[in-house]
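Okay, structure first, notes after.
Protein chains: 2
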Amino acid sequence: MKLLEERILKDGHVLGENILKVDSFLTHQVDIRLMHKIGEVFAEKFANAGITKVVTIEASGIAPAIYVADKLDVPMIFAKKSKNITMNEGVLTAEVYSFTKKVSNTVSIAGKYLSNEDKVLIIDDFLANGQAAKGLIEIIEQAGAKVEAVGIVIEKSFQDGRGLIEEAGYPVLSLARIERFENGNVIFKEADL
Amino acid sequence: MKLLEERILKDGHVLGENILKVDSFLTHQVDIRLMHKIGEVFAEKFANAGITKVVTIEASGIAPAIYVADKLDVPMIFAKKSKNITMNEGVLTAEVYSFTKKVSNTVSIAGKYLSNEDKVLIIDDFLANGQAAKGLIEIIEQAGAKVEAVGIVIEKSFQDGRGLIEEAGYPVLSLARIERFENGNVIFKEADL
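These protein sequence lines map, in sequence, to chains Y and G. All residue numbers for the first sequence refer to the working numbering, where the first residue is 1 and numbers rise by one. All residue numbers for the second sequence refer to the working numbering, where the first residue is 1 and numbers rise by one.
Next up, the structure:
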């Protein structure tokens, strides 16, 4: 997605060896117009796939996921990272380790919002080690639902996430794929969409 | 907002003495069409207020806040509940105690996304004890920005939040105001919008 790559080059900041900070338009302050475009690109790709739910994980996944769901006209579910006292019956869970935040979280979705009739598109803001997406896939499969694909806004292609998910049999579609960081600059490889 | 009150009566669940569970359309699974309506109602009210930013707090505030920002055509910022290793310079913080989750969080916004030229509309999914809104107000004032109002999707009017915020001098506008729960049913008082 050319518009996204241009935005990353313009407003993204490379920190250290493998962190890309995009908090001016995606992960903290959100550029709504860009979210519309992101939603449109995924929705066009999956227009005829029979998607019934978009699933993401709180918190930075919500903004892009909601616009994908919006354009597909289906509900969006965001998995929770902490136990909530109002969530107790029929909760499906998976363990997800975040390398960024250096903590392991029990990620959960209430089972009643997914059934074996659901075809799910997973959307997340970043794909690095693939732990979040793997956890979401586990939960969706526990519910008997089908994971159609994993849609990613920014993929760090030099990390293991894509391989992990593809080996498990799920297609990954990323709007921007980062091959490497070089002297604080972002070098892309060809994106999927 | 009649549509919202009807939806609460239809799909909300009262748990115990003061918890309303609305995770089928707002706080876990998100009904996008309802979010559009919520966005429209707030945007109509603040169309001429010169709002430059919508601010909320992760995670359940993001969905309604993003549609308010969308209809007002301004960016949305979601305050973070945990320290992120990619957020380090110029971070504004406030302490927020969550009675629901029984934990205290340091809530933060990167200072560079708010300035003394900003007029901010705070949006949140729930108003109960007002701690989250109070923390957001503190942060926005640290940045020298102006808080125009606090917009709430569901207010528990029997708790202290509204009084706390109004006494501090900020208007509160709620789409649904719950007077009390009675035998597991929701009794509304007149809403602001």
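Don't be surprised by glycine CBs; every beta carbon is placed ideally from N, CA and C.
Whole-angstrom distance between residue j and residue i, CA atom to CA atom
i	j	result
Y:Asp70	G:His36	9 angstroms
G:Ile19	G:Phe188	14 angstroms
Y:Pro75	Y:Val54	6 angstroms
Y:Gly144	G:Tyr67	32 angstroms
Y:Val150	Y:Leu121	6 angstroms
Y:Glu148	Y:Gln142	15 angstroms
G:Lys10	G:Val22	10 angstroms
G:Ser157	G:Leu72	27 angstroms
G:Ser24	Y:Ser24	31 angstroms
Y:Ile178	G:Val30	31 angstroms
G:Leu34	Y:Asn183	46 angstroms
Y:Ala43	Y:Val107	26 angstroms
Y:Lys101	G:His28	22 angstroms
Y:Ile32	G:Ile32	15 angstroms
G:Gly163	Y:Gly163	53 angstroms
Y:Glu6	Y:Leu114	36 angstroms
Residues of its chain near residue i, where Cβ-Cβ distance is below 8 angstroms and the 5 sequence neighbours each way are ignored
i	result
G:Glu166	Val172
G:Glu17	Phe181
G:Met1	Lys37, Ile38, Val41, Leu175, Ala176, Ala191 and Leu193
Y:Ile137	Ile122, Val147, Val150, Ile165, Ala168 and Tyr170
G:Gly198	In the structure as shown, chain G begins at 1 and stops at 193. Residue 198 of chain G is therefore absent and cannot be evaluated.
Chain-order list of residues whose beta-carbon lies under 6 angstroms from that of residue i (same chain, five-residue window excluded)
i	result
Y:Ile139	Leu92, Ala94 and Ile109
Y:Ser127	First, the amino acid is wrong: residue 127 of chain Y is Leu here, not Ser. Excluding sequence neighbours, Y:Leu127 sits near Ile152, Glu155 and Gly161.
G:Lys146	Lys119
G:Leu4	Leu175 and Ala176
Beta-carbon separation (whole angstroms), residue i vs residue j, contact threshold 8 angstroms
i	j	result
Y:Lys112	Y:Thr52	Actually they do not touch by this definition, with Cβ atoms about 14 angstroms apart.
G:Val186	G:Gly12	6 angstroms
G:Asn105	G:Lys134	13 angstroms between Cβ atoms; not a contact.
Cβ-Cβ distance between residue i and residue j below 8 angstroms
i	j	result
Y:Asn116	Y:Gln159	no
G:Pro64	G:Ile123	yes
Y:Gln131	Y:Val96	yes
Y:Ile57	G:Ile62	no
Y:Phe78	G:Ala47	no
Y:Asp125	Y:Leu26	yes
Proximity test, Cβ basis, 8 angstroms: residue i and chain B
i	result
Y:Ser82	Checking the listed chains, one finds no chain B in this structure; the protein chains it contains are Y and G.
Cut-off 7 angstroms between Cβ atoms - residues of its own chain near residue i, not counting five sequence neighbours on either side
i	result
Y:Phe216	The question about residue 216 of chain Y has no answer here: the residues shown for chain Y are numbered 1 through 193.
Y:Lys45	Leu173 and Leu193
*Pull out every residue of the stretch 23-51 of chain Y whose Cβ sits closer than 9 angstroms to any Cβ of chain G, in chain order.*
If the cut-off is 9 angstroms between Cβ atoms, the stretch 23-51 of chain Y has Asp23, Ser24, Phe25, Thr27, His28, Gln29, Val30, Asp31, Ile32, Arg33, Met35 and His36 near chain G.
*Give, in chain order, every residue of the stretch 109-121 of chain Y whose Cβ lies closer than 7 angstroms to some Cβ of chain G.*
From the stretch 109-121 of chain Y, only Ala110 and Tyr113 have a Cβ closer than 7 angstroms to chain G.
*asked:* Please identify, using Cβ separations under 7 angstroms, the residues of the stretch 55-68 of chain G that lie next to chain Y, in order along the chain.
replied: Hits within the stretch, in order: Glu58, Ala59, Ile62, Ala63 and Ile66.
*Residues within the stretch 154-168 of chain G neighbouring chain Y, beta-carbon criterion of under 7 angstroms*: If the cut-off is 7 angstroms between Cβ atoms, the stretch 154-168 of chain G has nothing near chain Y.
_Which residues of the stretch 170-191 of chain G have a Cβ closer than 9 angstroms to any Cβ of chain Y? Give them in chain order._
Residues of the stretch 170-191 of chain G with a Cβ closer than 9 angstroms to any Cβ of chain Y: none.
_Members of the stretch 91-111 of chain G near chain Y, C-beta cut-off 8 angstroms_ = Answer set for the stretch 91-111 of chain G: Thr100, Lys101, Lys102, Ile109 and Ala110.
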